[in-house]
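Take any residue in the sequence shown, count from 1 to its spot, add 297: that is its number in my numbering.
Backbone N, C-alpha and C fix where the C-beta goes; we use that ideal spot for every residue, glycine too.
Read the structure below first, then the notes.
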Amino acid sequence: MIPFLDLQKINKNYHEQFVTGFQQFLASGYYVLGNQVKVFEAAFANYCGVDFCIGTGNGLEALTLILRGYITLGRLKEGDGVIVAANTYIATILSIIHAGLRPVLVEPDEKTFNISPEAIRATVDPSIKVIVPTHLYGQLAAMEVIHKIAKQYELLVISDAAQAHGARDAHGNMSGNLSDATAFSFYPTKNLGALGDGGAITTNDRALAVVLRKIRNYGTSSKYINEYIGWNSRLDELQAAFLFIKLSSLDEENEKRRSIGKRYLEEIKNSKIRLPYWSGSEDHVFHVFVVRVIDRTAFCEYLTDCGVGYLIHYPIPPHQQKALKEYHHLEFPVTERIHEEVISLPLHPALTFAEVSEIITVVNNY
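Right, here's the structure in full:
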């Protein structure tokens, strides 16, 4: 059996460093917003090429806090419209709702799965104040075009890079440095995954960074002095230590992911399987490798019989979820088609050459 993901195998190489990191954490006696968080924030900011990194409790809160931060600064007000892809993971949309803003769903580009610039342009009206592109599945959205639209209409661009740690655009700019602010998740399955929950915000906006450091910690400007109505969303000290250890291997592991993705794209030759688009550049870090199949149920059963794991990212589009019943009347044909057909094959840096070969053979024999 080849599982879809094996986190124990992925993290095994770091075992001794994790033990050392834990011992240092334990000996420090400082367990919340201590030196480990400061060290990781500085390292991740440097890695992303930005001035500021603010660690948060998780990725959902990272994106929510960015939006709340801009409300605090007066750049946004509650009820403002936020354009977001209809096929993103629901957390992106939940963050907008939690921030008191209004999600405006638009179709993705069916080729890349990412938000369609044409759909953004067709949807902008005076109530829209923000574009939130998700770099879905690890591939950067069309940021240059999105920024042109944002500049024309004076919109903020806030990226959801929860699946795109280390992706670079054609100019070498990292995913964390392509927007006014960017939200990351360090959920264990991510390319840079912690051993629990965690998130971060990256930005070059000093005023935003100052506000975010306060509102992530109860709105505190100094001990027991609360300047804002804040949250409790702090990156855990121990998770920061683990993330700092893993950060130095991120580029190497992303390159391994690309090499597996390249093999899949070159060696899977089955007319029933629609392969994803990739330019071949570093703009994709293959958080997941998503193919499309018309009869997904039959293909899932086949993979199970052959001992190959899979997941579906995602089976139900957000606008059809019970939690978002106010969107049930909307129709997004491209999104709905994607959600009916997508299935993710195993792709992670701990896969062996032989395992990748076996997966390719199984898919080709379908």
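Taking 7 Å as the cut-off, the Cβ atoms of L402 and H616 count as close.
For G558, the three-state secondary structure derived from DSSP is helix. E451 and A438 have their C-alpha atoms some 19 Å from each other.
Ranked by Cα distance from I498, the first of D348, H444, A595, V582 is D348.
The secondary-structure analysis by DSSP pairs H581 across a beta bridge with Q436. Sequence-distant Cβ neighbours of A651 in its own chain, meaning closer than 6 Å and more than five residues away, do not exist here. Within 10 angstroms of the beta-carbon of M471 lie 16 or more other beta-carbons, which makes it buried.
Close CB contacts of P612 within its chain, under the 7 Å cut and outside five residues either way in sequence, are with H636 (chain order). Here I351 is not near R531, since their CB atoms are 7 Å or more apart. For V347, no beta strand (DSSP E) run applies, since DSSP gives it neither H nor E.
When C-beta atoms of the region 561 to 572 are compared with those of the region 438 to 449, fewer than three pairs fall below 8 Å, so the two segments do not count as touching.
Per the Cβ contact rule, the region 593 to 609 is not in contact with the region 454 to 461 (fewer than 3 Cβ pairs under 8 Å).
DSSP, reduced to helix, strand and coil, places D457 within a strand of the structure shown. Per DSSP, the continuous alpha helix (DSSP H) segment holding G366 begins and ends at 356 to 369. Shown here, I613 sits in coil according to DSSP, grouped into three states, outside any helix or strand. For the set R634, L547, Y484, the Cα lying nearest the Cα of V588 is the one of R634. The closest CA to that of Y574, considering only G371, K408, A359, P400, is found on K408. One Cα belongs to I512, the other to S546, and the distance between them is close to 31 Å. The Cβ atoms of E375 and G397 sit closer than 7 Å to each other. Bounds of the beta strand (DSSP E) holding F481 are 478 to 482. It is roughly 19 Å from the alpha-carbon of S413 to the alpha-carbon of I393. In the three-state reduction of the DSSP assignment, R571 falls in the strand class, which pools E and B. In summary, Q305 is exposed, with fewer than 16 beta-carbon neighbours lying within 10 Å of its beta-carbon over all protein chains present.
Spanning the alpha carbons of E441 and D466 requires a straight line of approximately 10 Å.
As summarised for the region 368 to 423, the continuous alpha helix (DSSP H) elements at least 4 residues long and confined to that stretch are 387 to 395, 414 to 420, given in chain order. T517 and R503 have their C-alpha atoms some 17 Å from each other. Membership of S654 in the alpha helix (DSSP H) is indicated by the continuous run 650 to 661.
By the C-beta density criterion, E550 is buried, having at least 16 other C-beta atoms within 10 angstroms.
DSSP places V631 inside the alpha helix (DSSP H), whose first and last residues are 630 to 638. Straight through space, the alpha carbons of N308 and N529 are spaced by roughly 28 Å.
Excluding its 5 nearest sequence neighbours in each direction, V659 has C-beta neighbours in its own chain below 6 Å: C603, V605, listed in chain order. Annotation: the continuous beta strand (DSSP E) that includes T499 extends over 496 to 500. DSSP lists T517 as the bridge partner or partners of N523. Within the same chain, G435, Q436, W575 come within 6 Å of H581 by CB-CB distance, once the 5 residues on both sides are set aside. In the DSSP assignment, F319 forms no beta bridge with any residue. Looking at the backbone, the Cα of N488 and that of L302 are separated by about 12 Å.
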